[in-house]
Amino acid sequence: MSDIAGEQKSGHNLAEYSVSEISTALKREIESLFPRVRVRGEISQPSFPRSGHCYFRLKDEGAVLDAVCWKGTIPRLSVRPEEGMEVIATGRITTFAGSSRYQIVVDSLELAGQGALLKLLEDRRKKLAAEGLFAAERKRKLPYLPEVIGVVTSPTGAVIRDILHRLNDRFPRHVLVWPVAVQGERAAGEVARAIRGFNELPEDGPIPRPDLLIVARGGGSLEDLWAFNEEIVVRAAAESRIPLISAVGHETDTTLIDFASDRRAPTPTAAAEMAVPVRSELRASILDQARRLVSGMARELEQHRRSVLAAARGLPRPQQMIEERAQRLDDRGERLLQAGKRLIEIRQAQVAQAGLRLRSPLTQIDAKRAELLSETRALNTAWLTYRRCELDANEQHCQKLARLQRQSQMALDGFLQREQVRLDGAGKLLDSVSFKSVLARGYALVRDAAGVPMMEAATASPGAAIAIEFRDGKIGARITDAPPVSATKPARPAKKSGGDQGSLL
Amino acid sequence: MSDKSKLKEIEALSFEDALKELETIVQQLERGQIKLDEAIAAYERGAALKALCERKLAEAKAKVEKITLSADGQVTGTEPAGLE
């Protein structure tokens, strides 16, 4: 140093620093001056490079202060640095000699004031809502009766006791408590981890996977409840596949997890009430259902029984049905038989009739004969009748005729008698002149073969047969050519008198 | 579906579904608009559902456990919570 100083020609009395020396001196000075300060400002340009550290700037209207948050500190931060965030950073001021800068090394960050917190909350809510994390369609229905309930809360304190107490009052369940810090820098990470951890439990693992989650915390200030506004928690709640009830703070407190949860309970006790139904009520309801089931069934059976009875009354006896049918069958069978026979008969009759129409000539003749006979009879009868009538009619004529006849007979008789007398006289006279009387006197009459009296000898040829009548009779003779034995006077053939032929009138 | 598989199917029902179905069956029976064989089947199912519901109710008992975590935040198991 002295050498250097000795070389100073200008006569400066100032000590000469190297850059490093001055930088180190400054660093020491500044760090000793500001070992721990709280700086309020707005976060600007936060960045999270791969190194895991976090850099941002704090600024206000007039100045900018670089800020760094080492990797190991970041998990403990109650708020994650975001652009525009009004914070109070706590840490020490140091310098970065490499680029002539000073900066604050942040140990913790807190939001600056209620208004700023609320604004941040609102901004974050809007952002997450825009992502759809709070959408109604994401909400799942809570199970009616969960078997296992996972509770994310502090293992100590009134909250878990309230929940367990109310659960046991209503419906004792298997409860898994995932202990977390519900306040402070670690709280958000632990709560998010717990929600994810429950979701990651295997379905059939040794630890039963809850079918309902309750994330709960008692009442507190906005800052106390801040972990439940953290994005990491809200996202975990929104992503939970297990239905989730949020119960953070009192009824008037609303945290962002309430928007993302499936149900929001105003208090932890209310969450327990949402989680399970009341067992005694269910038991009563089931008993009622069971009673109605039995009575409903009984009524149903009774109704069917009545229907069966009613239907059975209308059901004829099988025997009777069979008998009736058998009878009908017999009847039909009989009629079938008869029908066959009758058909034949009808056909036969038709044939016979046809045959009748087709009469043989003989039959026709017979018929005609019979007809004729009967006609004849009728005619005879008619004739007889007619004759009888006629006879009757003629009877009188006949009698009259008879009378007339008798009268005429008598007249005739008289006449005849008289005539007889005359005839007798004439006869006697005749007889006296007849050839017979000649014969009686001994003469004979010759007649030829024809009976003609032969008057002339010339007519008599030899060999001819002749008849000779004597007084007492006739004889046959033949003419010979021998000369007559004696000349005798030939007898004159007597003229026949009408002696025996007398005329009637 | 055989009786056994029917019973198995009922076993798989949640309490709520079982209760709802029981209520439906009761209403059907009470309305009396059901065929007899269906009524009998419904009654049997109703009885099984009722038994399931009662068993689920009877099974209710409190068991409170606390998740235990390893140093790196992994779930190691559970232990009695000892909260009450």
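These protein sequence lines map, in sequence, to chains B and U. Position one of the first sequence corresponds to residue 1 (the numbering used here), numbered consecutively onward. Position one of the second sequence corresponds to residue 506 (the numbering used here), numbered consecutively onward. Glycine included, C-beta positions come from ideal geometry on N, C-alpha and C. Bear in mind that the values here come from a model prediction, so they are computed numbers and not experimental data.
At a Cβ threshold of 8 angstroms, is threonine 583(U) touching chain B? Residue numbering aside, residue 583(U) sits at position 78 when the second sequence is read from its first letter. Judged by the 8 angstroms Cβ criterion, threonine 583(U) is in contact with chain B.
When the Cα atoms are used, what is the spatial distance from lysine 71(B) to serine 78(B)? For the purposes of this step, residue 71(B) is taken as the residue at position 71 of the first sequence. For the purposes of this step, residue 78(B) is taken as the residue at position 78 of the first sequence. Using only the alpha carbons, I get a separation of about 14 angstroms.
Give the interface partners of lysine 511(U) over in chain B, defined as CB-CB distance under 8 angstroms, in chain order. Sequence index remark: in the second sequence, residue 511(U) carries index 6 (1-based). Within 8 angstroms Cβ-Cβ: nothing; lysine 511(U) doesn't reach chain B, min ~17 angstroms.
By how many angstroms is the C-alpha of threonine 529(U) removed from the C-alpha of arginine 76(B)? Within the first sequence, the letter at position 76 stands for residue 76(B). Within the second sequence, the letter at position 24 stands for residue 529(U). The straight-line gap from Cα to Cα measures roughly 55 angstroms.
Cα-Cα, which of Gly150(B), Ala477(B), Glu456(B) is closest to alanine 464(B)? Within the first sequence, residue 464(B) is the residue found at index 464, counting from 1. Alanine 464(B) has its Cα closest to that of Ala477(B), out of Gly150(B), Ala477(B), Glu456(B).
Which residue marks the beginning of the beta strand (DSSP E) containing phenylalanine 470(B), and which one marks its end? For the purposes of this step, residue 470(B) is identified with residue 470 of the first sequence, where counting begins at 1. 465 to 470 is the span of the beta strand (DSSP E), which, as asked, contains phenylalanine 470(B).
Exposure label - valine 19(B); buried when at least 16 CB within 10 Å: Sequence index remark: in the first sequence, residue 19(B) carries index 19 (1-based). Valine 19(B) counts as exposed, since fewer than 16 other beta carbons sit within 10 angstroms of its beta carbon.
Would you decide whether tyrosine 443(B) is buried or exposed? Buried here means 16 or more other CB atoms lie within 10 Å of its CB. Here residue 443(B) refers to the residue found at position 443 of the first sequence. Only buried fits tyrosine 443(B), as 16 or more other CB atoms lie within 10 angstroms of its CB.
Where the alpha helix (DSSP H) through phenylalanine 56(B) begins and ends: Locating residue 56(B) in the first sequence gives position 56, counting from the first residue. Here phenylalanine 56(B) belongs to no alpha helix (DSSP H); instead the beta strand (DSSP E) covers 54 to 59.
So with CB distances below 9 angstroms, who are the chain B contacts of isoleucine 530(U)? Looking up residue 530(U) in the second sequence gives position 25. The contacting residues are Gln289, Leu293, Gly296.
Based on DSSP bridge pairs, tell me the residues matched to threonine 95(B). Position 95 of the first sequence holds residue 95(B). Beta-bridge pairing links threonine 95(B) to Tyr102(B).
Determine the DSSP secondary structure at histidine 304(B), reduced to helix, strand or coil. On the first sequence, residue 304(B) is found 304 positions in, with the first residue counted as 1. If DSSP states are grouped into helix, strand and coil, histidine 304(B) belongs with the helices.
State the DSSP-derived secondary structure class of arginine 335(B), mapped to helix, strand or coil. Residue 335(B) sits at position 335 when you count from the first residue of the first sequence. If DSSP states are grouped into helix, strand and coil, arginine 335(B) belongs with the helices.
Can you tell me which residues form a DSSP beta bridge with isoleucine 149(B)? As a first step, residue 149(B) must be located in the first sequence, where it is residue number 149. Beta-bridge pairing links isoleucine 149(B) to Val175(B), Leu212(B).
Give me the DSSP bridge partner(s) of aspartate 66(B). As a working mapping, residue 66(B) is identified with position 66 in the first sequence. BP columns for aspartate 66(B) point to Arg57(B), Gln103(B).
Would you mind listing the alpha helix (DSSP H) stretches within the stretch 225 to 278 of chain B that are 4+ residues and don't spill past its ends, in chain order? Restricting attention to alpha helix (DSSP H) runs no shorter than 4 residues, the stretch 225 to 278 of chain B encloses them at 231 to 239, 256 to 260, 268 to 275, ordered along the chain.
Hey, could you find the ends of the beta strand (DSSP E) valine 39(B) is sitting in? For this step, residue 39(B) is matched to residue 39 along the first sequence. DSSP places valine 39(B) in the uninterrupted beta strand (DSSP E) bounded by 37 to 47.
Local conformation of valine 87(B) per DSSP, three classes: Walking along the first sequence from the start, residue 87(B) turns up at place 87. The DSSP-derived three-state label of valine 87(B) is strand.
Just the C-alpha distance for leucine 225(B) and glycine 296(B), rounded to the nearest angstrom, thanks. Here residue 225(B) is taken as the residue at index 225 of the first sequence, counted from 1. Here residue 296(B) is taken as the residue at index 296 of the first sequence, counted from 1. For leucine 225(B) and glycine 296(B), the distance between alpha carbons rounds to 55 angstroms.
Quick one: which residues of the stretch 554 to 572 of chain U get their C-beta closer than 8 angstroms to a C-beta of chain B? List them in chain order. For the stretch 554 to 572 of chain U, the beta-carbon criterion of a distance under 8 angstroms to any beta-carbon of chain B is satisfied by Lys555, Cys558, Glu559, Lys561, Leu562, Ala565, Lys566, Ala567, Lys568, Val569, Glu570, Lys571, Ile572.
Would you call methionine 454(B) buried or exposed, if buried means 16 or more other Cβ atoms sit within 10 Å of its Cβ? Position 454 of the first sequence, counted from the start, is the residue given in the question as residue 454(B). So methionine 454(B) ends up on the buried side.
Length of the line joining the Cα atoms of glycine 113(B) and lysine 525(U): Within the first sequence, the letter at position 113 stands for residue 113(B). Within the second sequence, the letter at position 20 stands for residue 525(U). Using only the alpha carbons, I get a separation of about 52 angstroms.
Could you work out which residues of chain U lie near valine 175(B), taking near to mean beta carbons separated by less than 8 angstroms? By 1-based counting over the first sequence, the position of residue 175(B) is 175. The contacting residues are Ala567, Lys568, Val569, Glu570, Ala586.
Please check the pair glutamine 216(B) and alanine 271(B), which I expect to be a contact at CB under 8 angstroms, by giving their CB distance rounded to whole angstroms. As a working note, residue 216(B) is residue 216 in the first sequence. As a working note, residue 271(B) is residue 271 in the first sequence. Residue 216(B) is actually alanine in this sequence, not glutamine. Sure, about 6 angstroms apart at Cβ, within 8 angstroms.
Compute the Euclidean distance between the alpha carbons of phenylalanine 96(B) and valine 68(B), then round it to the nearest angstrom. Against the first sequence, residue 96(B) aligns to sequence position 96. Against the first sequence, residue 68(B) aligns to sequence position 68. One C-alpha to the other measures close to 11 angstroms.
Near-chain U residues of the stretch 297 to 309 of chain B - C-beta to any C-beta below 8 angstroms: Residues passing the 8 angstroms Cβ filter: Met297, Arg299, Glu300, Leu301, Gln303, His304.
Between glutamine 183(B) and the rest of its own chain, which residues show a CB-CB distance below 6 angstroms, the 5 nearest in sequence each way excluded? As a first step, residue 183(B) must be located in the first sequence, where it is residue number 183. Same-chain partners within the cutoff: Asp224.
Going by DSSP, name the residue or residues bridged to isoleucine 572(U). Here residue 572(U) is taken as the residue at index 67 of the second sequence, counted from 1. Looking at the DSSP assignment, isoleucine 572(U) forms a beta bridge with Thr583(U).
For the stretch 37 to 49 of chain B and the stretch 83 to 90 of chain B, state whether three or more C-beta atom pairs, one from each stretch, are separated by less than 8 angstroms. Using a C-beta cut-off of 8 angstroms, the stretch 37 to 49 of chain B makes contact with the stretch 83 to 90 of chain B, since at least three inter-stretch Cβ pairs fall below that distance.
Can you give the Cα-Cα distance for threonine 153(B) and phenylalanine 48(B), rounded to whole angstroms? In the first sequence, residue 153(B) corresponds to position 153, counting from 1. In the first sequence, residue 48(B) corresponds to position 48, counting from 1. Cα to Cα, the separation comes out at about 30 angstroms.
On the DSSP letters alone, give me the boundaries of the alpha helix (DSSP H) that leucine 33(B) sits inside. Your numbering for residue 33(B) matches position 33 in the first sequence. Per DSSP, leucine 33(B) belongs to the alpha helix (DSSP H) from 19 to 33.
Which residue from Asp211(B), Gly218(B), Arg125(B), Gly189(B) puts its Cα closest to that of threonine 156(B)? The residue you call residue 156(B) lines up with position 156 of the first sequence. Nearest in C-alpha terms to threonine 156(B), of all of Asp211(B), Gly218(B), Arg125(B), Gly189(B), is Gly218(B).
In its own chain, which residues sit with a C-beta less than 8 angstroms from the C-beta of arginine 347(B), not counting the 5 before and 5 after it? As a position in the first sequence, residue 347(B) is number 347, starting the count at 1. Cβ within range, chain order: n/a, list empty.
For the stretch 242 to 260 of chain B, which residues have a beta carbon sitting closer than 7 angstroms to at least one beta carbon of chain U? Of all residues in the stretch 242 to 260 of chain B, none has a Cβ within less than 7 angstroms of some Cβ in chain U.
Residue burial classification, threonine 459(B) (beta-carbon count within 10 angstroms, cutoff 16): On the first sequence, residue 459(B) is found 459 positions in, with the first residue counted as 1. It counts as exposed.
Assuming proline 210(B) contacts isoleucine 149(B) (C-beta within less than 8 angstroms), just tell me the rounded distance between them. As a position in the first sequence, residue 210(B) is number 210, starting the count at 1. As a position in the first sequence, residue 149(B) is number 149, starting the count at 1. Their Cβ separation, rounded to whole angstroms, is 6 angstroms, which keeps proline 210(B) and isoleucine 149(B) in contact under 8 angstroms.
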